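So the sequence shown is numbered by full-length UniProt numbering: it starts at 1 and just counts up by one. Beta carbons are placed, not taken as given, at the ideal position from N, Cα and C, and that holds for glycine. The structure presented is a predicted model; accordingly, all values stated were derived computationally and were not measured. So the structure is just underneath, and the comments pick up after that.
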Amino acid sequence: MFKELLIELFSEEIPARMQTDAAKNFKSLFSEKMTRRGIPFGSVNTYVTPRRLVLHAKDLPEKQEDWEEERRGPRIDAPSPAIEGFLASAGVTLRECEQRETPKGSFYFLTLKKQGQKIRDILPQVIREIIYEFPWPKSMRWAASQHSWVRPLHSGVCVFDEQTILFEVLMGKEEDPDAPRVYFNDISYGHRFLNPEPFKVKNFTQYSRELRARHVILDQEERKAEILTEVQKLAEEMGYQLHHDPGLLEEVTGLVEWPVFFTGSIDPSFMSLPPEVLVTSMRVHQRYFALETPEGALASSFIIVANTKARDKGKKIVLGNERVLKARLADAQFFYEQDKKISLQEHAKKLQNVIFHDLLGTMAEKVDRLKIAAEFLAPKFGISPGNCQKWIEILKADLVTEMVGEFPELQGTMGKYYAIAQGAEPQDAQAIEEHYSPRGSQDQLPASELGRFFALIDRFDTLIGFFAMGIKPTGSKDPYALRRTALGIIRLLEDEKKDFNFDDFLSWIYNCLREKPGIIPLESLDGQLREFFVERLKIYWRDQGISHDVMAAAFSVGRDDTLYVLKRRCQVLQKFLKSKNETGNALLSAYRRACNIIRIEEGKDRIDYRGEVDKSLLEEKAEIQLFEALQKLVPSFQEAFKSHNFASVMNELAMLKPVIDTYFNDVKVNADNPKIRANRLRTLSFFRLTIEKIADFSKIEDTL
């Protein structure tokens, strides 16, 4: 009979940003501990609220299976004390051991039969290990504790098959009477303010039902859905729509166990501030949901999600929140007005006091590098170098403003607004904001040419600079977000049709860094960066559905392609190989057959059969047709490659299928005449090399 398990870890508030990973880690640690002990289990689900981490597992056995443990003892010719010590530690006699030969000699071996324990007796140690090993990004000790938790851990619930398991987890030293202990039983608690009274837990269904009755929604996804539904409903009732902010929704879900909704208003005197300032102030400081009018303008109302009810229908809560927001926005307005009193050009002079990185100098030095790179690279984008210099001068200037000091999230955005305040055209000033995009894999790309160009050279400077100084991601550590920087470059380049390459960026930015102490040689840097980019590219394109072997095949022949061209090559190749009419796979089979024949015969003859085909030695109609078809492909391939029309190339390749099929059916490659045989092998080699102009088909696997 399979059993159900419920574990609750009840603590002070868990930071919202850590909750999702905590739930995953709880499941992962539990699964690993049980698997290591040979205990099977069914589904495992974890839940998290601000004050509790919960695990619900099904289909556990009542006890472990019995098992055998094998131990290797000392060598047969070892001294007697060593042998006697081994026997004593295992509690056996020499007769119970067996002798075995191993590559390292003859040893005593012992097989011990172990009796499986009851699961209820194993769980206390499993839970102790989980608590002691839990990988919180930040944790704390309290009182006289030696072990840490994200916040003080108060109590726990452990119910197995509706039976309470009583035990304690010592968080300090055994000999310390003040060391905190976490007691596990069947007692949980409701909402901190609305229903804090304890209640007994019998099983998961009763537990989750009791929590809801006591104003706690256990399932974070259910809580999130309820929040989203209610705020959208409130917005519609006011004639507005919700400002899209999935990050805020995620955070608020982690701040409340029982969401209660109120609406507030922004003081009209602050509505002249840039909308991003209002939204950021509400989001960062107060976690309010901003609203928009049907036309997309920021509304003067917002929604508060509280973690408690109010007797006065929330009047005091709303007034208090409006008062706090007013003070925040008054500060923001002051910063905004003060910043505008100084031109961006004057602000930019202060960048010499802002350190970009100890090894790479100041932000002013970074700006100088961008100017030098832009002087050479701008024409490749069809951009005036003179226009670039003007904007690069103020590209980073808002970093030293009061507003960005208060709200770092607004870097670039405030630069745009300050440039407009100085008389710049909005479409031009937009490039200052856009050069920080994309910030992630789902973020929008810059809309303007200038914004895309600045985004590229800024990221290349960052990436090349750090790698040049020997700083690069290792394992899970990436403190300077260089993987995200590389992804930004990939996204910017993969749809860029202009003809430029990686070397252009590398050489100019490296020259600007050449005098920095500790810089690595250019050749080494080139190799490291290319390897890094290829790995990031493979991961990103794999997530977009391009298979790894198609990428390997295309990369082999497209090393000098721009990312735009390389991606088109991959996409068209994959589509061709997955074609419903099986043309791609049929041609792939013919290619492999040709390669195998050539490899075998070249191995036997010790001759490379690449070379010119002698048309006068072609006897069979099928081999003449194949040779002529291949000859026609060469010029059409060249024309198609120039225009990157890979679809046309694939259509041409598809026409080879019936020709090569007929060839293999009608032509004896290993002819008796050695000259004809060699010529036919050269024809097959011609076929192979023609195919490989589009990709190295030898890297394609059979899984397509």
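Rounded to whole angstroms, what's the CA-CA distance from residue i to residue j? Just pull it up for me.
{"i": "residue 417", "j": "residue 148", "result": "46 Å"}
{"i": "residue 610", "j": "residue 555", "result": "23 Å"}
{"i": "residue 518", "j": "residue 165", "result": "60 Å"}
{"i": "residue 153", "j": "residue 318", "result": "32 Å"}
{"i": "residue 449", "j": "residue 19", "result": "40 Å"}
{"i": "residue 536", "j": "residue 412", "result": "26 Å"}
{"i": "residue 315", "j": "residue 307", "result": "15 Å"}
{"i": "residue 330", "j": "residue 431", "result": "28 Å"}
{"i": "residue 704", "j": "residue 161", "result": "Its pLDDT being 46, under 50, residue 704 is placed unreliably in this model, and the value from its coordinates should be taken loosely. Each residue's alpha carbon lies about 47 Å from the other."}
{"i": "residue 743", "j": "residue 198", "result": "Residue 743 cannot be examined here, being either before or after the span of the chain that is shown, 1 to 704."}
{"i": "residue 593", "j": "residue 603", "result": "15 Å"}
{"i": "residue 542", "j": "residue 548", "result": "7 Å"}
{"i": "residue 490", "j": "residue 546", "result": "15 Å"}
{"i": "residue 354", "j": "residue 402", "result": "14 Å"}
{"i": "residue 345", "j": "residue 425", "result": "16 Å"}
{"i": "residue 111", "j": "residue 38", "result": "18 Å"}
{"i": "residue 303", "j": "residue 215", "result": "20 Å"}
{"i": "residue 277", "j": "residue 8", "result": "41 Å"}
{"i": "residue 644", "j": "residue 699", "result": "22 Å"}
{"i": "residue 220", "j": "residue 429", "result": "41 Å"}
{"i": "residue 601", "j": "residue 384", "result": "58 Å"}
{"i": "residue 241", "j": "residue 694", "result": "50 Å"}
{"i": "residue 371", "j": "residue 130", "result": "53 Å"}
{"i": "residue 337", "j": "residue 351", "result": "20 Å"}
{"i": "residue 309", "j": "residue 194", "result": "8 Å"}
{"i": "residue 636", "j": "residue 514", "result": "45 Å"}
Using the Cβ count rule (16 or more neighbours within 10 Å means buried), how would you classify residue i?
{"i": "residue 638", "result": "exposed"}
{"i": "residue 244", "result": "exposed"}
{"i": "residue 109", "result": "exposed"}
{"i": "residue 326", "result": "exposed"}
{"i": "residue 725", "result": "Residue 725 lies beyond the residue range present for the chain, which begins at 1 and ends at 704; the question has no answer from this structure."}
{"i": "residue 615", "result": "exposed"}
{"i": "residue 183", "result": "exposed"}
{"i": "residue 294", "result": "exposed"}
{"i": "residue 405", "result": "exposed"}
{"i": "residue 529", "result": "buried"}
{"i": "residue 567", "result": "buried"}
{"i": "residue 391", "result": "buried"}
{"i": "residue 679", "result": "buried"}
{"i": "residue 46", "result": "buried"}
{"i": "residue 605", "result": "exposed"}
{"i": "residue 133", "result": "exposed"}
State the start and end residues of the unbroken beta strand (DSSP E) segment that holds residue i.
{"i": "residue 54", "result": "52 to 60"}
{"i": "residue 97", "result": "Counting along the chain, residue 97 falls outside any beta strand (DSSP E), and DSSP gives it neither H nor E."}
{"i": "residue 436", "result": "Unbroken run through residue 436: none, as it is neither H nor E."}
{"i": "residue 154", "result": "153 to 160"}
{"i": "residue 189", "result": "187 to 189"}
{"i": "residue 71", "result": "67 to 75"}
{"i": "residue 49", "result": "44 to 49"}
{"i": "residue 7", "result": "3 to 11"}
{"i": "residue 379", "result": "Neither: residue 379 is in no beta strand (DSSP E) and is coded neither H nor E."}
With residue i as the anchor, note down where its alpha helix (DSSP H) starts and where it stops.
{"i": "residue 405", "result": "402 to 406"}
{"i": "residue 280", "result": "275 to 281"}
{"i": "residue 357", "result": "Segment 355 to 357 is the beta strand (DSSP E) holding residue 357; no alpha helix (DSSP H) there."}
{"i": "residue 541", "result": "522 to 543"}
{"i": "residue 179", "result": "It is not in any alpha helix (DSSP H) - residue 179 carries neither H nor E in the DSSP assignment."}
{"i": "residue 670", "result": "Neither: residue 670 is in no alpha helix (DSSP H) and is coded neither H nor E."}
{"i": "residue 322", "result": "315 to 340"}
{"i": "residue 751", "result": "What the structure shows of the chain is the stretch from 1 to 704, and residue 751 is not part of that stretch, so it cannot be assessed."}
{"i": "residue 26", "result": "16 to 36"}
{"i": "residue 585", "result": "583 to 605"}
{"i": "residue 120", "result": "119 to 133"}
{"i": "residue 304", "result": "Here residue 304 belongs to no alpha helix (DSSP H); instead the beta strand (DSSP E) covers 298 to 306."}
Three or more C-beta pairs below 8 Å linking the region 392 to 412 and the region 460 to 472: no
Cβ pair count under 8 Å reaching 3, the region 261 to 268 against the region 25 to 34: no
Contact between the region 226 to 238 and the region 274 to 282 (3+ Cβ pairs under 8 Å): no
Complete beta strand (DSSP E) runs within the region 203 to 291 (minimum length 3 residues, chain order): 260 to 265
Inter-stretch contact (C-beta, 8 Å, three-pair minimum) for the region 47 to 57 and the region 77 to 91: no
Within the region 441 to 507, ranges of the alpha helix (DSSP H) (whole runs, at least 4 residues): 449 to 468, 482 to 494
Cβ contact (3+ pairs, closer than 8 Å) linking the region 69 to 76 and the region 100 to 108: yes
Contact the region 434 to 441 vs the region 466 to 479: 3+ CB pairs below 8 Å: no
Stretch-stretch touch, CB-based, cutoff 8 Å, three pairs: the region 201 to 213 with the region 169 to 176: no
Stretch pair the region 120 to 130 + the region 10 to 19: three plus CB contacts closer than 8 Å: no
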